[in-house]
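Chains as they are written, first to last, in the working numbering: chain A, 120 to 229; chain W, 120 to 229; chain D, 120 to 229. Following: one structure in structure tokens, then a few remarks.
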Amino acid sequence: MVHRVVVQVSDLDKVDGALISCRNLLDDMPDAEVEVVFHQSAIEALRRGTPREGGVRDLMARGASIVACRNSMRARNMGEDELIAGVSIVKAGVGEIVRRQAEGWIYLKL
Amino acid sequence: MVHRVVVQVSDLDKVDGALISCRNLLDDMPDAEVEVVFHQSAIEALRRGTPREGGVRDLMARGASIVACRNSMRARNMGEDELIAGVSIVKAGVGEIVRRQAEGWIYLKL
Amino acid sequence: MVHRVVVQVSDLDKVDGALISCRNLLDDMPDAEVEVVFHQSAIEALRRGTPREGGVRDLMARGASIVACRNSMRARNMGEDELIAGVSIVKAGVGEIVRRQAEGWIYLKL
């Protein structure tokens, strides 16, 4: 059975631990479909050229989808062109997390 | 499909972000049935006359149910008459979150 | 209906509140099957002879299973013989949380 997992990352202070935990999840479940939603202060981790870009790009290289919350971007005056290449955008991170669960995805908050 | 979402708010330091995220959720899913459970230190946000009362009442005005954990109230010597009007009480916030999920509600931790 | 609940504890600063919430959950749902997974910095709470040992052992005495994440142990140079007796180990805490949910367990993040 292939697990589909929607991961929520809210807090910029927890991003480093969250990136490690996502790598551990992909090591443990190489076939899992993983989508990582960044919102609230954690959205800053998706800003191009900042220190977590390597960790975020590594997750993408391993097949994870990275999603940015537009509400959180707007609250921090982040433009789409400031995002790391390959990140997708949803209107509301919390709505995305709810919709994925409604589709049967497993939820993990980091 | 109408989504039913049980939201957990545990940490007083995260209440402001949680109130914003709940508003964003209701904007994104106007038909969703949303219940927000406050427990641990976040219970303080439900104290009448404190700064978050406006934000909490706004969620109620938009149809969300607001629930207080009696265990958390007792640990902080909060009486029922100190709660914002319209807030309901459950014995244990964590039990409420588990029961809602068992009933098919989607879980969101803020 | 017997609820099966997988509880995630990630943050050492939140362990004390998490132990209280787990006790409250067991008081509210005495028949629940509860597994508490410690990972990231919270793994330190499972170190034998540290202040939370009593609280952790109390949960085990009440029937909860306590699980340590090997990735988190390795990152902190914790050996198996440093764990509180009775704690079990999984390769990845996040994988355990996902697998339990896939088996129908309810998820609670503390």
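Glycine included, each C-beta is placed from N, C-alpha and C at the ideal position.
Proximity below 9 Å, CB of Q205 (chain D) to CB of M179 (chain D): Taking the third sequence and counting its residues from 1, the one referred to as residue 205 (chain D) is at position 86. Taking the third sequence and counting its residues from 1, the one referred to as residue 179 (chain D) is at position 60. Looking at the sequence provided, one finds Gly at residue 205 (chain D) rather than Gln. The answer is yes: Cβ separation under 9 Å.
Interface residues of chain D facing D146 (chain A) [CB-CB closer than 9 Å]: Translated into the one-based positions of the first sequence, residue 146 (chain A) becomes position 27. In chain order: N190, K210, A211 and G214.
M120 (chain D) classed as buried or exposed, judged by whether at least 16 other C-beta atoms fall within 10 angstroms: Reading the third sequence from its first residue, position 1 is the one you call residue 120 (chain D). Burial call: exposed.
CA nearest to the CA of G198 (chain A), picked from A:I216, A:R171, A:V217 and A:R167: Taking the first residue of the first sequence as 1, we reach residue 198 (chain A) at position 79. Residue A:R167 is the option with its Cα nearest to G198 (chain A).
Burial state of K210 (chain A), where buried means 16 or more other Cβ atoms lie within 10 Å: The count along the first sequence starts at 1 and reaches residue 210 (chain A) at position 91. By the neighbour-count rule (16 or more Cβ atoms within 10 Å), K210 (chain A) is not buried but exposed.
Neighbour flag for L185 (chain D) against chain W, beta carbons, 9 Å: Translated into the one-based positions of the third sequence, residue 185 (chain D) becomes position 66. The question names Leu, but residue 185 (chain D) is Ile in the sequence shown. I185 (chain D) does not count as touching chain W.
Extent of the continuous beta strand (DSSP E) to which S207 (chain D) belongs: Locating residue 207 (chain D) in the third sequence gives position 88, counting from the first residue. Element bounds for S207 (chain D): S207 to V209.
Residues near L138 (chain D) in its chain [Cβ-Cβ closer than 6 Å; skip 5 each side]: Residue 138 (chain D) sits at position 19 when you count from the first residue of the third sequence. Cβ neighbours of L138 (chain D) beyond the five flanking positions: G174.
Any C-beta of chain A under 9 Å from that of S140 (chain W): Along the second sequence, read from residue 1 onward, the residue named residue 140 (chain W) stands at position 21. With a threshold of 9 Å between beta carbons, S140 (chain W) makes contact with chain A.
Span separating the alpha-carbon of V69 (chain W) from that of C188 (chain A): The requested residue 69 (chain W) does not occur in the structure, where chain W is confined to residues 120 to 229.
Beta-carbon separation (whole angstroms), A151 (chain A) vs F157 (chain A), contact threshold 8 Å: Taking the first sequence and counting its residues from 1, the one referred to as residue 151 (chain A) is at position 32. Taking the first sequence and counting its residues from 1, the one referred to as residue 157 (chain A) is at position 38. Contact doesn't hold; Cβ gap of about 18 Å is too wide.
Limits of the unbroken alpha helix (DSSP H) element including R193 (chain A): Counting from one through the first sequence, the residue named residue 193 (chain A) turns up at place 74. Element bounds for R193 (chain A): R189 to A194.
Residue from W:Q159, W:G136, W:P149 and W:V126 with nearest C-alpha to N196 (chain W): Position 77 of the second sequence holds residue 196 (chain W). Cα-wise, what sits closest to N196 (chain W) is W:Q159.
With 16 other Cβ atoms within 10 Å as the buried cut-off, status of E154 (chain D): In the third sequence, residue 154 (chain D) corresponds to position 35, counting from 1. Buried, since its Cβ has 16 or more Cβ neighbours within 10 Å.
Contact set for E148 (chain A): own chain, Cβ-Cβ below 7 Å, skip 5 residues either direction: Numbered from its first residue, the first sequence carries residue 148 (chain A) at position 29. Here residue 148 (chain A) is Met; the residue named in the question, Glu, does not match the sequence. Excluding sequence neighbours, M148 (chain A) sits near H122.
Cutoff 9 Å: V217 (chain D) Cβ touching any chain A Cβ: Here residue 217 (chain D) is taken as the residue at index 98 of the third sequence, counted from 1. For V217 (chain D), the answer is yes, since a Cβ of chain A falls inside 9 Å of its Cβ.
Any C-beta of chain D under 9 Å from that of H122 (chain W): Within the second sequence, numbered from 1, the residue matching residue 122 (chain W) stands at position 3. No, no contact with chain D.
Partner residues on chain W for G136 (chain D), Cβ-Cβ distance less than 8 Å: If you number the third sequence from 1, residue 136 (chain D) lands on position 17. Going along chain W in sequence order, the residues near G136 (chain D) (Cβ under 8 Å) are S129, Q159 and S160.
Check whether R181 (chain W) and R142 (chain W) have beta carbons under 9 Å apart: Indexing the second sequence from 1 puts residue 181 (chain W) at position 62. Indexing the second sequence from 1 puts residue 142 (chain W) at position 23. In contact: R181 (chain W) and R142 (chain W) (Cβ atoms closer than 9 Å).
Where the alpha helix (DSSP H) through Q220 (chain W) begins and ends: Start at 1 with the first residue of the second sequence, and residue 220 (chain W) comes out as number 101. Its alpha helix (DSSP H) spans residues G212 to A221.
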